[in-house]
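Protein chains: 2
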Amino acid sequence: MKHLLLTAVAAVSFVLPASADEPAPVPSPGEIAATAPAADWTLIAPSDLLVMDLAPDAKGKPRRVVIQLMPAPFSQGWIGNIRMLAAVHWWDGTSVNRVQDNYVVQWGDATEKKALPEGLAVMAESGYVESGFASAGVHAGVGGTERLLSVPVKTDAFSGLTGFWDGWPVAGAKEGYHVWPVHCYGAVGVGRNMSPDTGSGAELYTVIGHAPRHLDRNIAVVGRVISGIEHLSSLPRGTGALGFYEDPAERVGIRSIRIAIELPAAEQPRFEYLSTESDSFARYADARANRRDPFFITPAGGADICNIPVPIRPVVAK
Amino acid sequence: MKHLLLTAVAAVSFVLPASADEPAPVPSPGEIAATAPAADWTLIAPSDLLVMDLAPDAKGKPRRVVIQLMPAPFSQGWIGNIRMLAAVHWWDGTSVNRVQDNYVVQWGDATEKKALPEGLAVMAESGYVESGFASAGVHAGVGGTERLLSVPVKTDAFSGLTGFWDGWPVAGAKEGYHVWPVHCYGAVGVGRNMSPDTGSGAELYTVIGHAPRHLDRNIAVVGRVISGIEHLSSLPRGTGALGFYEDPAERVGIRSIRIAIELPAAEQPRFEYLSTESDSFARYADARANRRDPFFITPAGGADICNIPVPIRPVVAK
Numbered sequence: 156m157k158h159l160l161l162t163a164v165a166a167v168s169f170v171l172p173a174s175a176d177e178p179a180p181v182p183s184p185g186e187i188a189a190t191a192p193a194a195d196w197t198l199i200a201p202s203d204l205l206v207m208d209l210a211p212d213a214k215g216k217p218r219r220v221v222i223q224l225m226p227a228p229f230s231q232g233w234i235g236n237i238r239m240l241a242a243v244h245w246w247d248g249t250s251v252n253r254v255q256d257n258y259v260v261q262w263g264d265a266t267e268k269k270a271l272p273e274g275l276a277v278m279a280e281s282g283y284v285e286s287g288f289a290s291a292g293v294h295a296g297v298g299g300t301e302r303l304l305s306v307p308v309k310t311d312a313f314s315g316l317t318g319f320w321d322g323w324p325v326a327g328a329k330e331g332y333h334v335w336p337v338h339c340y341g342a343v344g345v346g347r348n349m350s351p352d353t354g355s356g357a358e359l360y361t362v363i364g365h366a367p368r369h370l371d372r373n374i375a376v377v378g379r380v381i382s383g384i385e386h387l388s389s390l391p392r393g394t395g396a397l398g399f400y401e402d403p404a405e406r407v408g409i410r411s412i413r414i415a416i417e418l419p420a421a422e423q424p425r426f427e428y429l430s431t432e433s434d435s436f437a438r439y440a441d442a443r444a445n446r447r448d449p450f451f452i453t454p455a456g457g458a459d460i461c462n463i464p465v466p467i468r469p470v471v472a473k
Numbered sequence: 156m157k158h159l160l161l162t163a164v165a166a167v168s169f170v171l172p173a174s175a176d177e178p179a180p181v182p183s184p185g186e187i188a189a190t191a192p193a194a195d196w197t198l199i200a201p202s203d204l205l206v207m208d209l210a211p212d213a214k215g216k217p218r219r220v221v222i223q224l225m226p227a228p229f230s231q232g233w234i235g236n237i238r239m240l241a242a243v244h245w246w247d248g249t250s251v252n253r254v255q256d257n258y259v260v261q262w263g264d265a266t267e268k269k270a271l272p273e274g275l276a277v278m279a280e281s282g283y284v285e286s287g288f289a290s291a292g293v294h295a296g297v298g299g300t301e302r303l304l305s306v307p308v309k310t311d312a313f314s315g316l317t318g319f320w321d322g323w324p325v326a327g328a329k330e331g332y333h334v335w336p337v338h339c340y341g342a343v344g345v346g347r348n349m350s351p352d353t354g355s356g357a358e359l360y361t362v363i364g365h366a367p368r369h370l371d372r373n374i375a376v377v378g379r380v381i382s383g384i385e386h387l388s389s390l391p392r393g394t395g396a397l398g399f400y401e402d403p404a405e406r407v408g409i410r411s412i413r414i415a416i417e418l419p420a421a422e423q424p425r426f427e428y429l430s431t432e433s434d435s436f437a438r439y440a441d442a443r444a445n446r447r448d449p450f451f452i453t454p455a456g457g458a459d460i461c462n463i464p465v466p467i468r469p470v471v472a473k
């Protein structure tokens, strides 16, 4: 009874050849991704990777979390701040302070007293936010840019339309062409206080439960964890309000957060994603929505945007 | 920056009174639940609670997980088996064997050799399963039963309709009146091999990530974790295929699994849920779909079924 459930995006080591007598098995979504041509995979620039090294675990093992930052035109004001904070090593010595089950893990300065560097953009005062996250910085359909989403899905409980944009899940309005990033598992967002303080980017969180899509358009999404999320999602849950750790000793130290290009070349993580504009991705998304591989009996006939995780994998050196 | 994100179903200790000058604050979903009249809460019968005691954690703290079993007409064949397995203490000495990030935690007999008691129903052969989970045991709309769902939501990526049935999230077909339980966070299901083996109920799992709704109608949902899920969701992820623990020493021992009525009366857990047929629940669900409480800027205007978790709380002794 080992193989009771298929994995979401399974690594596939081999595919059985079809014989004349035997119909070709229907490939699983993971198999479609694994056998996609190399040209359908897109390298993620190391300059868009944030590398977070936590204190080693109880057994002394290193804990590295890699976050991909969102591309333009999404959330660039906050992302500019995050780049600056990483450049001045602001997070070094801060900690993971909150772990709320089925919701978020949050990190930053637990003392709330550490001075921020000068020069950070203040989103609410600088035009990054207009009418409540409804304009530049979060939405893509700004300044007349019009573009179709890849693999659009019109059935979404939270928006008029969902789909993919340069490798990222996004949602759109029923009318017009505003689109915005969505809170799927692993999404990284910017903690904030009540409006109009939109957060600086110094306080970050990632989603570790069912997609809290009600946060879309209410908090800026700036990236996603692409490796090592288990170092965050398996942390003990905080017992204080909202899952904050009550005892400072429970916090998990952050040794450093760096943009990957600041690391020595040999240590820079290298990842690639399955291009959401590729035929392979369209087949993968269709297979996610209509599981026809052997384990399944009744394909759903659809999937929500967060149930179609974009395949991402390390680049293997040749 | 402590209160950066509102909790999904927050416990509320007090609500500020409205003055003549100040409009009443819009209550959050958690506040609506917390202030619902006592009559809107329904006691969960201890005979429908499964109590799983894991081995204590590294600090010696007990780890108890409480699971509510689904009511008729859902999945009763498997649930009958589960009651029998608990009655003969079959799970005592078994273990949690699999923890796959953003997917499931699974428990049962890691050796796959422990004999099952005689008398278990074999679903595939006994009429519990017809045409792939599409009939008795999973669907409710069986034998002419017709009933409207509470708080129906027609926008669902995986089905024609979602809503609530006696406190449980369910989905329905576009046509006819078949409904079936859904895989939300914390749902408990029956591990199985390839069809037509539908699983006995001895191998169980719970969802610890984004709702894997593609499993609906493909695996039997038999219950949900209502307390202590953090003892499962925060376990180290398995490094083997599908998240199985590679080293037997990683497994987490199960001391016992009992139906609550088998425990001494004073030790029986007591929980209640907000009746999904109540006005309070309708207001709660509306508030989940349209966050108007102070933190929020842009209400989504909708929510998926798994983003409207049914409020469940311990019954406080008076």
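If you're matching them up, the sequences are chains A and B in order.
In short: position in the first sequence from 1, add 155, done, that's this note's numbering.
In short: position in the second sequence from 1, add 155, done, that's this note's numbering.
Glycine included, every Cβ here is placed at the ideal spot set by N, Cα and C.
Because the structure is a prediction, the values reported are computed rather than measured.
Open item on the list: Give me, in chain order, the residues of the same chain whose beta-carbon lies closer than 8 angstroms to that of residue 346 (chain A); leave out the 5 immediate sequence neighbours on both sides.
Closed with: In the first sequence, residue 346 (chain A) corresponds to position 191, counting from 1. Answer for residue 346 (chain A): 261, 263, 354, 358, 359, 360, 374, listed in chain order.
TODO: Throw me the rounded Cβ distance for the residue 223 (chain A) and residue 378 (chain A) pair, which I believe falls under 8 angstroms.
DONE: For this step, residue 223 (chain A) is matched to residue 68 along the first sequence. For this step, residue 378 (chain A) is matched to residue 223 along the first sequence. Contact check for residue 223 (chain A) and residue 378 (chain A): beta-carbon distance about 5 angstroms, within the 8 angstroms limit, so the pair qualifies.
Open item on the list: Check this for me: beta carbons of residue 238 (chain B) and residue 414 (chain B), under 8 angstroms apart or not?
Closed with: Working through the second sequence from its first residue, we reach residue 238 (chain B) at position 83. Working through the second sequence from its first residue, we reach residue 414 (chain B) at position 259. Yes. Within cutoff.
Task: Test: residue 455 (chain B) CB closer than 8 angstroms to a CB of chain A - done: On the second sequence, residue 455 (chain B) is found 300 positions in, with the first residue counted as 1. Yes - at least one Cβ of chain A is within 8 angstroms of the one on residue 455 (chain B).
TODO: Enumerate in chain order the residues of its own chain whose CB-to-CB distance from residue 310 (chain A) is below 7 angstroms, with the five nearest sequence positions on each side excluded.
DONE: Position 155 of the first sequence, counted from the start, is the residue given in the question as residue 310 (chain A). If we look at residue 310 (chain A) and ignore the five residues flanking it on each side, its Cβ neighbours are 457.
Task: Identified DSSP bridge partners for residue 354 (chain B) - done: Here residue 354 (chain B) refers to the residue found at position 199 of the second sequence. Answer by DSSP bridge pairing: none, since residue 354 (chain B) is not bridged.
- [ ] Can you check the region 392-448 of chain B for any alpha helix (DSSP H) of at least 4 residues that lies completely inside it and give the ranges in chain order?
- [x] Restricting attention to alpha helix (DSSP H) runs no shorter than 4 residues, the region 392-448 of chain B encloses them at 434-444, ordered along the chain.
- [ ] Confirm, please, whether the CB-CB distance from residue 449 (chain B) to residue 184 (chain B) is below 8 angstroms.
- [x] Taking the second sequence and counting its residues from 1, the one referred to as residue 184 (chain B) is at position 29. Taking the second sequence and counting its residues from 1, the one referred to as residue 449 (chain B) is at position 294. Remark: C-beta atoms of residue 184 (chain B) and residue 449 (chain B) do not approach each other more closely than 8 angstroms.
TODO: Identify whether residue 215 (chain A) lies in helix, strand or coil by the three-state DSSP scheme.
DONE: As a first step, residue 215 (chain A) is located in the first sequence; it is residue number 60 there, counting from the start. Of the three classes helix, strand and coil, the one that applies to residue 215 (chain A) here is coil, per DSSP.
- [ ] Return the residues of the region 422-439 of chain A that lie within a Cβ-Cβ distance of less than 9 angstroms from chain B, sorted by chain order.
- [x] Taking 9 angstroms as the Cβ-Cβ cut-off against chain B, none of the residues of the region 422-439 of chain A qualify.
Open item on the list: Just checking: is the beta-carbon of residue 451 (chain A) within a distance shorter than 8 angstroms of some beta-carbon in chain B?
Closed with: Numbered from its first residue, the first sequence carries residue 451 (chain A) at position 296. Closer than 8 angstroms to some Cβ of chain B, the Cβ of residue 451 (chain A) qualifies, so yes.
Task: For residue 240 (chain B), the first and last residue of its enclosing alpha helix (DSSP H) - done: As a position in the second sequence, residue 240 (chain B) is number 85, starting the count at 1. Residues 231-242.
- [ ] Out of B:271, B:265, B:221, B:209, state which residue places its alpha-carbon closest to the alpha-carbon of residue 236 (chain B).
- [x] The residue you call residue 236 (chain B) lines up with position 81 of the second sequence. The shortest CA-to-CA distance from residue 236 (chain B) to any of B:271, B:265, B:221, B:209 is the one to B:271.
TODO: Return the bridge partner residues of residue 327 (chain B) from the DSSP annotation.
DONE: Taking the second sequence and counting its residues from 1, the one referred to as residue 327 (chain B) is at position 172. Paired residue(s): B:316, B:334.
TODO: Could you tell me which residues DSSP puts in a beta bridge with residue 360 (chain A)?
DONE: Counting from one through the first sequence, the residue named residue 360 (chain A) turns up at place 205. Here residue 360 (chain A) is bridged, per DSSP, to A:261, A:344.
Task: Cα-Cα separation, residue 248 (chain B) to residue 417 (chain B) - done: Locating residue 248 (chain B) in the second sequence gives position 93, where the first residue counts as 1. Locating residue 417 (chain B) in the second sequence gives position 262, where the first residue counts as 1. Rounded to whole angstroms, the separation of the alpha carbons of residue 417 (chain B) and residue 248 (chain B) is 18 angstroms.
Open item on the list: Does any residue of chain D have a CB that is nearer than 8 angstroms to the CB of residue 236 (chain A)?
Closed with: Judged by its chain identifiers, the structure shown contains no chain D, and its protein chains are A and B.
Open item on the list: Measuring only from the beta carbon, is residue 449 (chain B) closer than 7 angstroms to any heavy atom that is part of the ligand NAD?
Closed with: The ligand NAD is not part of the structure shown, which contains no ligands of any sort.
Open item on the list: Please list, in chain order, the chain B residues whose beta carbon lies closer than 8 angstroms to that of residue 310 (chain A).
Closed with: For the purposes of this step, residue 310 (chain A) is identified with residue 155 of the first sequence, where counting begins at 1. Under the 8 angstroms cutoff, chain B gives 310, 311, 312.
- [ ] For residue 384 (chain B), return the contacting residues in chain A, with the cut-off set at a CB-CB distance below 7 angstroms.
- [x] As a working mapping, residue 384 (chain B) is identified with position 229 in the second sequence. Simply 256.
Task: Cβ-based burial, residue 338 (chain A) [other Cβ within 10 Å; buried from 16] - done: Numbered from its first residue, the first sequence carries residue 338 (chain A) at position 183. Per the 10 Å Cβ criterion, buried.
- [ ] With 8 angstroms as the threshold, decide whether the Cβ of residue 392 (chain B) is near any Cβ in chain A.
- [x] Locating residue 392 (chain B) in the second sequence gives position 237, where the first residue counts as 1. True, the Cβ-Cβ gap to chain A drops below 8 angstroms.
Task: Cβ neighbours of residue 403 (chain B) in the same chain (closer than 8 angstroms, five flanking residues each side left out) - done: Locating residue 403 (chain B) in the second sequence gives position 248, where the first residue counts as 1. When the five nearest sequence neighbours on each side are left out, the beta carbons in the same chain lying within less than 8 angstroms of the beta carbon of residue 403 (chain B) are those of 265, in order along the chain.
TODO: Go to residue 370 (chain B), then tell me how far its alpha helix (DSSP H) extends in each direction, as first and last residue.
DONE: As a working mapping, residue 370 (chain B) is identified with position 215 in the second sequence. First-last for residue 370 (chain B): undefined, no H or E at that position.
TODO: Compute the distance between the beta-carbons of residue 308 (chain B) and residue 320 (chain B), then report whether it is under 8 angstroms.
DONE: Counted from its first residue, the second sequence places residue 308 (chain B) at position 153. Counted from its first residue, the second sequence places residue 320 (chain B) at position 165. No; because the gap between Cβ atoms is not below 8 angstroms, this pair is not in contact.
- [ ] Alpha carbon to alpha carbon, how far is residue 250 (chain B) from residue 419 (chain B)? Give it in angstroms, no decimals.
- [x] For the purposes of this step, residue 419 (chain B) is identified with residue 264 of the second sequence, where counting begins at 1. For the purposes of this step, residue 250 (chain B) is identified with residue 95 of the second sequence, where counting begins at 1. When only Cα atoms are considered, residue 419 (chain B) and residue 250 (chain B) end up about 24 angstroms apart.
- [ ] Please state whether DSSP places residue 225 (chain B) in a helix, a strand or coil.
- [x] Here residue 225 (chain B) refers to the residue found at position 70 when the second sequence is read from its first residue. Coil at residue 225 (chain B), not helix or strand.
Task: Neighbour-count burial assignment, residue 190 (chain B), 16 or more Cβ in a 10 Å radius - done: In the second sequence, residue 190 (chain B) corresponds to position 35, counting from 1. So residue 190 (chain B) ends up on the exposed side.
Open item on the list: Can you tell me whether residue 394 (chain B) is buried or exposed? The criterion is at least 16 other CB atoms within 10 Å of its CB, across all chains shown.
Closed with: Position 239 of the second sequence, counted from the start, is the residue given in the question as residue 394 (chain B). Answer is exposed; the Cβ neighbour count stays below 16.
Task: When A:455, A:442, A:470 are compared against residue 187 (chain A), the one with the closest alpha-carbon - done: Along the first sequence, one-based indexing puts residue 187 (chain A) at 32. Minimum Cα distance to residue 187 (chain A) is reached at A:442.
Task: Separation of residue 399 (chain A) from residue 405 (chain A), as counted between CA atoms - done: Here the question's residue 405 (chain A) lines up with position 250 in the first sequence. Here the question's residue 399 (chain A) lines up with position 244 in the first sequence. Approximately 10 angstroms, taken between the alpha carbons.
- [ ] Look up residue 467 (chain A) in the DSSP assignment and say whether it is helix, strand or coil.
- [x] Your numbering for residue 467 (chain A) matches position 312 in the first sequence. Reduced to three states, the DSSP call for residue 467 (chain A) is strand.
TODO: Taking only beta-carbon positions, decide if residue 408 (chain B) is within less than 8 angstroms of chain A.
DONE: The sequence position of residue 408 (chain B) within the second sequence is 253, counting from 1. Not an interface residue.
Open item on the list: Let me confirm a value: residue 365 (chain A) is counted as buried when at least 16 other C-beta atoms fall within 10 Å, else exposed. Which label applies?
Closed with: Within the first sequence, residue 365 (chain A) is the residue found at index 210, counting from 1. Counting Cβ neighbours within 10 Å, residue 365 (chain A) comes out buried, since at least 16 surround it.
- [ ] Specify the secondary structure class of residue 256 (chain B) as computed by DSSP and reduced to three states.
- [x] Here residue 256 (chain B) corresponds to residue number 101 of the second sequence, with the count starting at 1. In this structure, residue 256 (chain B) counts as coil in the three-state DSSP scheme.
Task: Reduced DSSP category for residue 307 (chain A) - H, G, I as helix; E, B as strand; rest coil - done: For this step, residue 307 (chain A) is matched to residue 152 along the first sequence. Here residue 307 (chain A) carries a strand assignment [DSSP, helix/strand/coil].
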